[in-house]
Structure formats: structure tokens, C-alpha cells
Amino acid sequence: MRFVIAREPGSGRWLLLELQHHLIGITRRWRVMHAEVRVVLDGRAHELAAPQPFRNLVAQARLGVDAKAHEEFSRNSWPTSTSRPCRSG
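Going by the working numbering, the sequence shown runs without a break in its numbering and finishes at 450.
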């Protein structure tokens, strides 16, 4: 995920362009992320849980769940137009 931030000349308004990978563009995740951004912008960042290292997510994905659970997650997380789970390999 990347952000490009710029101040609009003449107005003092800040603009944000958000570039994201399609896997995090799922509506539910998008809403959670934007709610967290709103908390930070409101000056309440101390209310958020501490961020976890990315390596924890990788380890959980690789070691903590079998292929069947990944397929079930895909079936339940993707838009309804997806007819089958994504598989690697």
C-alpha cells in the first residue's frame, strides 16, 4: 500500500491518493483501515491497538493454517462473483 500526499495550492487543503493491492481492496478491510485513519486524524491514535510486525502475518499464513482453511477463508471473503477459491502452486 502506498500513499501520495500533497497540499492543494491556494486552499491549504491536503489531498491523499491511496494506492493499494487488490487483496486489501475488499470493502470490509477498506472500511476498517479508513476507520483507523480517521481515529489518527481525530488525534486518538493512542486508542488503537499496537501494530503487529508483518512477519507475524506471514508466519500465521504459512504455518498456522492448512490449505483447506485458506480455501474456506477465500470462499467467505471474496466478492460473491468469485466461483472458486484461489490456489497457489
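Where a beta carbon is used, it is the ideal one built from N, C-alpha and C, also for glycine. Remember, predicted model here, so these are calculated numbers, not experimental data.
Endpoints, the beta strand (DSSP E) within which Glu369 is located:
By 1-based counting over the sequence shown, the position of residue 369 is 8. Per DSSP, Glu369 lies in no beta strand (DSSP E) and is assigned neither H nor E.
To the nearest angstrom, how far is it from the Cα of Val401 to the Cα of Leu377?
To locate residue 401, count along the sequence shown from 1; it is residue 40. To locate residue 377, count along the sequence shown from 1; it is residue 16. One C-alpha to the other measures close to 15 Å.
Go through its chain and collect everything with a Cβ distance to Trp375's Cβ below 8 Å, but skip five positions before and after it.
Walking along the sequence shown from the start, residue 375 turns up at place 14. Excluding residues within five positions, the ones whose Cβ falls inside 8 Å are Ile366, Ala367, Arg368, Glu369.
In angstroms, rounded to a whole number, what distance separates the CA positions of Met362 and Ser372?
The sequence position of residue 362 within the sequence shown is 1, counting from 1. The sequence position of residue 372 within the sequence shown is 11, counting from 1. The alpha-carbon separation between Met362 and Ser372 amounts to approximately 27 Å.
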